[in-house]
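For the sequence shown, the residue numbers in our numbering are 1 to 227.
For each residue, glycine too, the CB sits at the ideal point set by N, CA and C.
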Amino acid sequence: MALSVLAIGAHPDDIEFGCGGTLLKLRNLGAKIFLFVATSGEYGGDPEVRVKEAEKSAEILKAEIIFGRFKDTFLSYSRELITKIEEVINRVQPSIIFVNFYEDTHQDHYALSKSTITATRYSRNVLFYEVPSTSASFKPDIFTDITDVLEEKMKLLLAHASQVDKVNISDLDIIQVAKSTANFRGIQARCRYAEGFQPYRFQFLEILQILNGTNDKIKNKKTNNSD
Numbered sequence: 001m002a003l004s005v006l007a008i009g010a011h012p013d014d015i016e017f018g019c020g021g022t023l024l025k026l027r028n029l030g031a032k033i034f035l036f037v038a039t040s041g042e043y044g045g046d047p048e049v050r051v052k053e054a055e056k057s058a059e060i061l062k063a064e065i066i067f068g069r070f071k072d073t074f075l076s077y078s079r080e081l082i083t084k085i086e087e088v089i090n091r092v093q094p095s096i097i098f099v100n101f102y103e104d105t106h107q108d109h110y111a112l113s114k115s116t117i118t119a120t121r122y123s124r125n126v127l128f129y130e131v132p133s134t135s136a137s138f139k140p141d142i143f144t145d146i147t148d149v150l151e152e153k154m155k156l157l158l159a160h161a162s163q164v165d166k167v168n169i170s171d172l173d174i175i176q177v178a179k180s181t182a183n184f185r186g187i188q189a190r191c192r193y194a195e196g197f198q199p200y201r202f203q204f205l206e207i208l209q210i211l212n213g214t215n216d217k218i219k220n221k222k223t224n225n226s227d
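Spelled out as structure tokens, the structure:
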């Protein structure tokens, strides 16, 4: 049974910016990637266009994408959102979950992160990622060297063509911001380019065992599935 990974984002392109490189590397290791995007991003453009862009990015990533269809900019820490996240978790049974950081200047990112914390109360591995609106309180101490997949990560972001120039940071586009962020995190991680994560809950040895195919839980699932 392949490792199942769930990445959760408030809007189309949040996931790709925050953990796209790590997802690519996990995919290359044989993991099954699932994306849950809570809104269609209609506040930032035509929702039909944004959904198609997200689907194109997911196709490049070879991931299954699930849309929550919640209203953009109106996400709240609510029973409805928590229940939806729980439904996705119960269906895909992820070993690792990535989500927006809760101390974010965008209200949707904050609400989604808080709702995910509640929905993942029984999950063993939950990591927060950063996006351009993440506050300075984000202090990662887990890093992924994404040097070998950086250009493919850029392709994931470029799939969101309508959003490339909508960063609102010193006339920079999303590619420039993403590469600068990866360069800075790489300096911290002592590599060329990296993604940084702040753990909410993380079982380091368990993840290593899963990736190496030596985790008893995974082996037991394989045995049970073969009956």
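Within a Cβ cutoff of 8 Å, which residues of the same chain sit near residue i, ignoring the five residues on either side of it in sequence?
i, result
"I66", "F34, L35, F36, V37, V88"
"S135", "F101, E103, D104, T105"
"Q107", "T73, L75"
Give the DSSP-derived three-state secondary structure of residue i in the structure shown.
i, result
"T223", "Caution applies to T223, whose pLDDT of 34 falls short of 50 and renders its modelled position unreliable; the model cannot decide the point."
"A7", "strand"
"Q209", "helix"
"L35", "strand"
"G18", "helix"
"P47", "helix"
"Q98", "Note on residue identity: the sequence assigns Phe, not Gln, to residue 98. Strand."
Using a 10 Å radius around the Cβ and a threshold of 16 neighbouring Cβ atoms, would you call residue i buried or exposed?
i, result
"L23", "buried"
"E80", "exposed"
"F128", "buried"
"T118", "exposed"
Hey, residue i and residue j: beta-carbon distance below 8 Å or not?
i, j, result
"F101", "Q188", "no"
"R124", "Q203", "yes"
"G45", "S162", "yes"
"R50", "S57", "no"
Just to confirm my understanding: we take residue i, look at its own chain, exclude 5 residues before and 5 after, and list those with CB closer than 7 Å. What are they?
i, result
"S76", "A111"
Suppose the cutoff is 6 Å on Cβ atoms and the five residues either side in sequence are ignored; what does the same chain contact list for residue i look like?
i, result
"N225", "Any reading at N225 needs caution, since the residue's pLDDT is 39, under 50, leaving its predicted position unreliable; the model's value is listed next. Correct list: empty, nothing qualifies."
"P140", "G196, F197, Q198"
"I96", "V5, N125"
"T116", "I8, I85, V99"
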